[in-house]
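Enquirer: Under the UniProt record's numbering, the residue at position 92 of the sequence shown is numbered 92, and the numbers go up by one with no gaps.
In this text, a Cβ means the ideal position worked out from N, Cα and C, and glycines have one as well.
No experiment lies behind these values; they were computed from the predicted model shown.
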Amino acid sequence: IEYPVLIFIAACTSFITIIINYYLSNFEYQGLVKHTGGCHCGAVRFEVWASADLHIFDCNCSICKKKQNRHFIVPASRFKLLKGAEHITTYTFNTHKAQHTFCKRCGVQSFYTPRSNPGGFGIAPHCLDEGTVRSMVTEEFNGSDWEKAMKEHKTIKNMSKE
Ligand SMILES: [Zn+2]
């Protein structure tokens, strides 16, 4: 084979590789993308399938207010803890339904189990790695009057359903 032909084949191969890598890194399945994230020290790491356009809840219940907690909710099946189970500790209070999980090394709550959706996870958007979030819409949730807010909200309780 002549040299220019080899160059051409090499160029084509690298072009195809770039296209495939681009496609895989932006892989979207049924409107979901794979986000990865974790705590500050790196002990806790997870992956979560969710939309690239995130719907964030900004809650003002007693603990969310103190933590400035914001989160989006996913069904449990879309969340996978990659590492750090042994570094996670859990704080509960009042009804003990919400599981306020956080890294006991660095103190960061990158995900938890919200009282609104005990069958799912609340993920902190600010703990995701860069590059997979396209947009964020933040909705205030009046968790300080929790029962009333839950009754009036049309969709929040279904957000952990498949
Ligand atoms: Zn940590």
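Leaving aside the five residues before and after Gly122 along the sequence, list all residues of the same chain whose C-beta is less than 6 Å from its C-beta, in chain order.
Expert: Contacts found: His71, Ile73, Tyr112, Pro114.
Enquirer: Going straight from the alpha carbon of Thr82 to that of Ile56, what length do you get?
Expert: According to the sequence provided, residue 82 is Leu. The question's Thr does not apply to it. If I take the Cα positions, the gap works out to 23 Å.
Enquirer: Please work out which residues of its chain come closer than 6 Å, Cβ to Cβ, to Gln109, disregarding the five sequence neighbours upstream and downstream, and give them in chain order.
Expert: Counting only Cβ-Cβ distances below 6 Å, and skipping sequence neighbours, we find Phe102.
Enquirer: Indicate, with yes or no, if ligand 3 has a heavy atom lying under 6 Å from the CB of Arg45.
Expert: Ligand 3 is absent from the structure shown, which contains only ligand 1.
Enquirer: Helix, strand or coil, according to DSSP, for Pro118 in the structure here?
Expert: Three-state result, Pro118: coil.
Enquirer: Taking 7 Å as the cut-off, decide whether the C-beta atoms of Met159 and Asn94 are in contact.
Expert: No, Cβ-Cβ distance for Met159 and Asn94 is not below 7 Å.
Enquirer: Please check the pair Arg78 and Val48, which I expect to be a contact at CB under 8 Å, by giving their CB distance rounded to whole angstroms.
Expert: Their Cβ separation, rounded to whole angstroms, is 6 Å, which keeps Arg78 and Val48 in contact under 8 Å.
Enquirer: Apply the 10 Å Cβ neighbour rule to Cys12 and answer buried if 16 or more other Cβ atoms are within range, or exposed otherwise.
Expert: Exposed: under 16 other Cβ atoms inside 10 Å.
Enquirer: Exposed or buried, Asn21, counting other C-beta atoms within 10 Å across all chains shown (16 or more means buried)?
Expert: Exposed, by the Cβ-count rule.
Enquirer: Going straight from the alpha carbon of Ile19 to that of Thr132, what length do you get?
Expert: Computed Cα separation, rounded: 17 Å.
Enquirer: Please determine, among Gln99, Leu6, Cys106, the residue with the shortest C-alpha to C-alpha distance to Cys64.
Expert: For the residues Gln99, Leu6, Cys106, the minimum Cα distance to Cys64 belongs to Gln99.
Enquirer: Can you check whether the CB of Asp53 is closer than 7 Å to the CB of Ser135?
Expert: Yes. Within cutoff.
Enquirer: Can you tell me which of the three DSSP states Gly31 falls into?
Expert: Coil at Gly31, not helix or strand.
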